[in-house]
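Under the working numbering, the first residue of the sequence shown carries the number 22, and numbering increases by one thereafter.
All residues carry an ideal CB built from backbone N, CA and C; glycine is no exception.
Quick caveat, the model's predicted, so the values are computed rather than measured.
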Amino acid sequence: MRNKFAHRPFVLFAAGLAFGLAFNFPILSLPFLGIGFALGVIGERNFLWASAGLILGAFLRPSPMTVVEYRAQYSGLATVLNVPELRDREQTFRLRIEGSETVVLAKAAPERLIALGDVYRIDGQLLPLSSNMLERADDIGLSGRFMGEIGDLQSRSALATLATRTQRSFIAFARKTLPKSSAGLLPALAVNGYGDLDPELQKNLRRTSLVHLISASGFHVVLLLGFLQFLLSRLAIPRPIVLVALAIVGAFYCLICGLSPTILRALFASLLAGSAYLFRRHFDVLNGLGLAISGLLILEPRWVYGIGIWIMVAMVVTLELFAGIDEGETLQQKVMMVARSSFWAWVGSSPIIAYAFGTVSLISVVANVLLAWIIGPILALALVAWGLNAVVPTVAEGIMQWVIAPALRVFEVGVNGLGGLPMASVEVPPFSPWWLVGFYLLLFIGFNPARRRTMA
């Protein structure tokens, strides 16, 4: 067990930080770290790293959310907390009421430009959530709803405004150049905008688990940058230039996604992995993930309650421990590697998805093998076409209509075909999050490095 944590201080620091942020009285768990140290589970240095993370988390721990229990009038300032989700008839977003931990869901007309970080003067009513949402206010990050007027803009970030305009430009380009059935799917895959999707397709994306693995975890960033790195590595391009190109594309993609925290999180982790590619070394995924998670949680402690960050952590850790890193040489070996990785990604993420969304996909592995790989090329070509639209619009429209649209159609047919199967998924009743702790403890205790090398 001790070897799992040797020379990985950021893993222990991130774990301590997350525990300190998420739980009441985290300092009381310091004796358990001492017991782990005494039993040889963690070394002296890692004991200090874990303790430091725990103590810092206790100091940074966000205040409990103020739940709206009764209808109340409010007139004052509020800050936009997320990238608005744009639909045909409205846009929805979250507002934090000034001077409190009250976060409410609000709506506005779609033509109004609202960006992450905007501060508005609002006047209206704060309304309670439904009973089932009230029980998990912290998990879903909402205190209630707002109904009223979104008034005058008080302050705005120039970068966030640029990001919102960029995102809307991309969505408008997709709607203009693609058939109606595909015009909603591309923004869903690219910028997590699921508002215009067909309800049946939305349901089947959930039943295949693709919607959770892509939108909640930001895994589509990894698919996009991985595809681009694969292409660039086949050319005689110096590695530093490849890494710089990936960073530029990733930063630009963040703009398209409106500086979404999910995208920023995945981009940060991907670029950390790219640094190992630069120096021709094997990347210590677990230590890098710990560093990325630590930085993000210090930047915004309330992200510890976001389900997406833990889906990503569970997937990455399980893949690193169990799936192996040998990509194989033959086509059969590569397919087996993808299948093995998909299986362990499913094992790692399914319990959290079941807890958060009440469903477990039974065909997630098949869906990942058959469909997930196509997302990277689709996003890359769509970005190229969007960039060309300002210079040679005919070429851009040709790429969208003759390449992107058929690829999206294949993806849609595959999702509906797999998601429409009677046993594609099963519903899971609500359960205590402590079951997750027990599951992952048993899973990671059962990790055997020698067996992993044999499988790979």
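Starting from residue i, follow the alpha helix (DSSP H) in both directions and report where the run begins and ends.
{"i": "L464", "result": "455-466"}
{"i": "E433", "result": "426-440"}
{"i": "E122", "result": "Neither: E122 is in no alpha helix (DSSP H) and is coded neither H nor E."}
{"i": "Q422", "result": "Unbroken run through Q422: none, as it is neither H nor E."}
{"i": "T187", "result": "179-198"}
{"i": "E221", "result": "220-228"}
{"i": "S446", "result": "That residue, S446, is in no alpha helix (DSSP H); its beta strand (DSSP E) goes 446-448."}
{"i": "A268", "result": "260-277"}
{"i": "L207", "result": "206-212"}
{"i": "V337", "result": "328-339"}
{"i": "S385", "result": "385-392"}
Could you pull the DSSP bridge partners for residue i from this structure?
{"i": "Q112", "result": "L107, A129"}
{"i": "S168", "result": "The sequence shown places Met at residue 168, not Ser. Paired residues: Q146."}
{"i": "V413", "result": "According to DSSP, V413 bridges with nothing at all."}
{"i": "V140", "result": "T100, S176"}
Just mark residue i as buried or exposed, buried being the case when its beta carbon has 16 or more other beta carbons within 10 Å.
{"i": "T339", "result": "buried"}
{"i": "A93", "result": "exposed"}
{"i": "P47", "result": "Caution applies to P47, whose pLDDT of 48 falls short of 50 and renders its modelled position unreliable; the model cannot decide the point."}
{"i": "F68", "result": "buried"}
{"i": "T198", "result": "buried"}
{"i": "P220", "result": "exposed"}
{"i": "Q353", "result": "exposed"}
{"i": "M357", "result": "exposed"}
{"i": "D144", "result": "exposed"}
{"i": "G408", "result": "exposed"}
{"i": "S84", "result": "exposed"}
{"i": "R133", "result": "exposed"}
{"i": "A127", "result": "buried"}
{"i": "G37", "result": "buried"}
{"i": "Q112", "result": "buried"}
{"i": "G205", "result": "buried"}
{"i": "Y91", "result": "exposed"}
{"i": "D109", "result": "exposed"}
{"i": "R166", "result": "buried"}
Check for me: the beta strand (DSSP E) holding residue i runs from which residue to which?
{"i": "L253", "result": "Run containing L253: none in the beta strand (DSSP E); it sits in the alpha helix (DSSP H), 240-254."}
{"i": "T380", "result": "380-382"}
{"i": "G37", "result": "Segment 30-43 is the alpha helix (DSSP H) holding G37; no beta strand (DSSP E) there."}
{"i": "Y95", "result": "93-101"}
Leaving out five residues on either side along the sequence, give the residues of the same chain with a beta carbon under 8 Å from the beta carbon of residue i.
{"i": "L280", "result": "V104, L137, L180, A181, A184"}
{"i": "N225", "result": "V436, N437, L439, G440, G441, A445"}
{"i": "A193", "result": "none"}
{"i": "F289", "result": "A313, G316, L317"}
{"i": "V510", "result": "No answer is possible for residue 510: the residues shown for the chain start at 22 and end at 477."}
{"i": "V447", "result": "T380, V381, L383"}
{"i": "L391", "result": "G435, L439"}
{"i": "F34", "result": "W70, A71, A73, G74, G311, S315"}
{"i": "E433", "result": "S202, S203, L206, L222"}
{"i": "I319", "result": "L38, L77, L81"}
Can you list, in chain order, the residues of its chain with a C-beta nearer than 7 Å to that of residue i? Leave out the 5 residues immediately preceding and following it.
{"i": "S362", "result": "L340, A344"}
{"i": "F31", "result": "N308, G311, L312, S315"}
{"i": "Y77", "result": "The residue asked about is misnamed: residue 77 is Leu in this sequence, not Tyr. Same-chain partners within the cutoff: L38, G41."}
{"i": "A195", "result": "A204, L207, P208"}
With a CB to CB cut of under 6 Å and the five nearest residues on each side skipped, what residues in its chain are close to residue i?
{"i": "L244", "result": "I396, G397"}
{"i": "T283", "result": "G239, G329"}
{"i": "P414", "result": "none"}
{"i": "F364", "result": "V386"}
{"i": "G97", "result": "E119"}
{"i": "E418", "result": "T198"}
{"i": "S482", "result": "No answer is possible for residue 482: it lies beyond the span of the chain, which begins at 22 and ends at 477."}
Quiz item: Using 8 Å as the Cβ pair cut-off and three pairs as the minimum, do the region 170-183 and the region 311-321 touch?
Solution: no
Self-check item: the region 382-390 contacting the region 331-338, beta-carbon criterion three pairs below 8 Å
Solution: no
Self-check item: Stretch pair the region 450-460 + the region 419-429: three plus CB contacts closer than 8 Å
Solution: no
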